[in-house]
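J.: The opening residue of the sequence shown carries number 1 in full-length UniProt numbering; numbering runs sequentially from there.
No residue lacks a Cβ here, since even glycine has one placed at the ideal position from N, Cα and C.
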Amino acid sequence: MDRIVGNRYELVRPLGRGGMGEVWLGRDTRLDRDVAVKLLRPGSLPAGSDVETLISRFGREARLMAKLENPGVPAVYDTGTDHEDLYLVMQLIGGADLAEFEAENEPVPIGWVAAIGAQIASVLTAAHAAGLVHRDLKPRNVMITHSGEVKVLDFGIAVLRDADLTRITRSAEAVGTPAYMAPEQAMHGVSSPSSDLYSLGCVLYELITGRHVFDASTALAIMHRHYSEVPAPVSALRPETDPHLADLVSRLLAKDPGARPASAKEVFDVLVRLIPTGGNGAAIPMDPTRPFREWRAGPQRATPPPPPLLPPPIFPVPAHTTPIPRYVDPPTARVSRFDTPGRRLTEGTLLTLGFMFLGFVLDDALDHKTPTEITAGLAFSLLLLGIGVWMRQRRLRLRFPWSLAWRRVIRPATKVERGVERTLLIVGGLMVAVYLGGVILDWAGVQRWDYTNSRVFDLTISLGLFLPGVIMRQHRLGKRYPWYV
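Written out as structure tokens, the structure is:
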């Protein structure tokens, strides 16, 4: 799209679209820097839309975000109109939103969950002190940068809690996302700092368990479940959850606003004590504990530390409080330098091909092939298997090649690995099921059905696809046995 808005900002490519308009990657031609440009086009809104309200919200978003002046909220550079469109120029945040971060790092380490929650709570503390309620806190509205800093986006539907200000939302208009809305907000349209804390509880619940608090086929059904049902405790779905974190999430998800924590500052005080204090010194991309480690190590540095992520009054732990034992990732969570996505995929490919060629060898032996052919095939299959097993032993730091290595290895799985895992499980599972069905039909005397003319080869091919997928899932989830759900 070759367009320049405000005679200054060149639109490069779209970054996303939401209820408040479109977000574009832009280029500030005057200062020569990349920016995020949010556009609202009143002429393209659906018929019956309350255009004046949306325009009013869009204009208020700039003022609200500029008013916060918090490191956890993108900076606002400029706003204005271009022909019939309204635009808002903001700081460009590199990284991923929390939904993408969760998908890449599932299951998210408990210490990381605490760090993310503490940073969000810090932003809410500043917002609530300024009289602002976010009203739509969800993973898609939270970004995490490559340095681990959390940014809360889209304060455009926030409502000033000043009683003298006029509400710009109609009384019958539901604002927010049903899966993360507090019961009083979903059923009665009542928003408060406590409803933001409920939404934060939903976000933490999803990061810990990998699923929504409640699911249903319609938005109305989801809101009704939030209003009437009690969610399963996070400790039941993920037993290694720190008890203090599990208790905090339960309090955040209380139906009665009065039973929730009194403020976001109280939530921060609990979460900051659960953040791991140690580390191996490696800079892991998007590690949300990194800003806290840098803050704690600041006084010991020879060079002045960078400005803290959170306002100084929020970070220190009050001296009169009793410290809560911090969650520390287990020593077995260390990742070998050989544990890279490329090496894992190469290792899995070698093991899969080795088992498949071993099936060819067994098939040739049953077909009475010459010893030379069988020996050559066996040597090639054992070579592939040997290299794959050696790579696995070195990657997982095993004492013996045959060790099961069920230890929990916390490492993010890439999209390619998760795609390969699902493909192997689906294709291999179907082939195993069809194979077993053919064997049963043959035993019953109904008919004989095979992929090929050799049952041994069919079984080897089926298991050669299915078992690597099962093993990939086992190690990704840190299960002791492959059959654990």
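Taking the Cβ atom as the reference point for each residue, do L11 and P42 lie within a distance shorter than 9 angstroms?
T.: The answer is no: Cβ separation not under 9 angstroms.
J.: State the CB to CB distance for the pair I93 and K151, rounded to an integer number of angstroms; the pair is presumed to be in contact (CB under 8 angstroms).
T.: Right, the Cβ-Cβ distance comes to about 5 angstroms (below 8 angstroms), so this counts as a contact.
J.: Among R225, A216 and G6, whose alpha-carbon lies nearest the alpha-carbon of R30?
T.: R30 has its Cα closest to that of G6, out of R225, A216 and G6.
J.: Given this structure, state the Cα-to-Cα distance separating V416 from E106, to the nearest angstrom.
T.: The alpha-carbon atoms of V416 and E106 are separated by roughly 14 angstroms.
J.: Can you find a CB in chain C that lies within less than 9 angstroms of the CB of D458?
T.: In the structure shown, chain C does not exist; there is a single protein chain.
J.: Please report the residue range of the beta strand (DSSP E) in which I222 lies.
T.: That residue, I222, is in no beta strand (DSSP E); its alpha helix (DSSP H) goes A219 to S228.
J.: Cα separation between R140 and A99?
T.: Taking the straight line from one Cα to the other gives about 6 angstroms.
J.: If you draw a straight line from the alpha carbon of F360 to that of F101, how long is it in whole angstroms?
T.: If I take the Cα positions, the gap works out to 42 angstroms.
J.: How is D242 classed by DSSP in three states: helix, strand or coil?
T.: In the structure shown, D242 sits in coil (DSSP, three-state: anything other than H, G, I, E or B).
J.: Have a look at F155, I387, M286 and G95 and flag the residue whose alpha-carbon is nearest the alpha-carbon of R60.
T.: The shortest C-alpha separation from R60 is found at F155.
J.: Please go through the same chain and pick out, in chain order, the residues whose beta-carbon is closer than 7 angstroms to the beta-carbon of T241, but skip the five residues on each side of it.
T.: Counting only Cβ-Cβ distances below 7 angstroms, and skipping sequence neighbours, we find I110, I208, V234 and S235.
J.: Using CA atoms only, rank isn't needed, just tell me which of G72, Y77, D34 and G148 is closest to A289.
T.: According to the sequence as given, residue 289 is Thr; it is not Ala. Among G72, Y77, D34 and G148, the Cα nearest to that of T289 belongs to G148.
J.: What span of residues does the alpha helix (DSSP H) with Y180 cover, start to end?
T.: No alpha helix (DSSP H) holds Y180; DSSP gives it neither H nor E.
J.: Alpha carbon to alpha carbon, how far is V203 from L124? Give it in angstroms, no decimals.
T.: In a straight line, the C-alpha of L124 is about 14 angstroms away from that of V203.
J.: What do you get for E69, buried or exposed, if any count of 16 or more other CB atoms within 10 angstroms of its CB means buried?
T.: It counts as exposed.
J.: Using the beta-carbon count (16 or more within 10 Å), is L137 buried or exposed?
T.: L137 comes out buried.
J.: Given that a residue counts as buried once 16 or more other Cβ atoms are within 10 Å of its Cβ, and exposed if not, what is W24?
T.: Counting Cβ neighbours within 10 Å, W24 comes out buried, since at least 16 surround it.
J.: Alpha carbon to alpha carbon, how far is E206 from E104? Give it in angstroms, no decimals.
T.: E104 and E206: Cα-Cα distance of roughly 14 angstroms.
J.: Following the continuous beta strand (DSSP E) through T81, name the residue where it begins and the one where it ends.
T.: Start and end: V76 to D82.
J.: Are T79 and A62 close, meaning C-beta to C-beta below 9 angstroms?
T.: Going by C-beta atoms, T79 is nearer than 9 angstroms to A62.
J.: Please classify P468 as buried or exposed, where buried requires at least 16 neighbouring CB atoms within 10 angstroms.
T.: It counts as buried.
J.: Identify every residue that forms a DSSP beta bridge with K151.
T.: Per DSSP, M143.
J.: Measure the alpha-carbon distance for S56 versus E184 and round it to whole angstroms.
T.: Rounded to the nearest angstrom, the two C-alpha atoms are 25 angstroms apart.
J.: Can you check which of these residues, T177, S263 and D196, is closest to I222 by C-alpha distance?
T.: Closest option to I222, Cα to Cα, is T177.
J.: Looking at C-alpha atoms only, which residue of S228, L271 and L362 is the closest neighbour of residue 516?
T.: There is simply no residue 516 to check, as the chain begins at 1 and stops at 485 in what is shown.
J.: Following the continuous beta strand (DSSP E) through K38, name the residue where it begins and the one where it ends.
T.: Start and end: R33 to L40.
J.: Span of the beta strand (DSSP E) holding R392?
T.: From DSSP, R392 is part of no beta strand (DSSP E) but of the alpha helix (DSSP H) over P371 to L396.
J.: On the criterion of 16 or more Cβ atoms from any shown chain inside 10 Å, does D34 qualify as buried, or is it exposed?
T.: When all chains shown are included, D34 counts as exposed.
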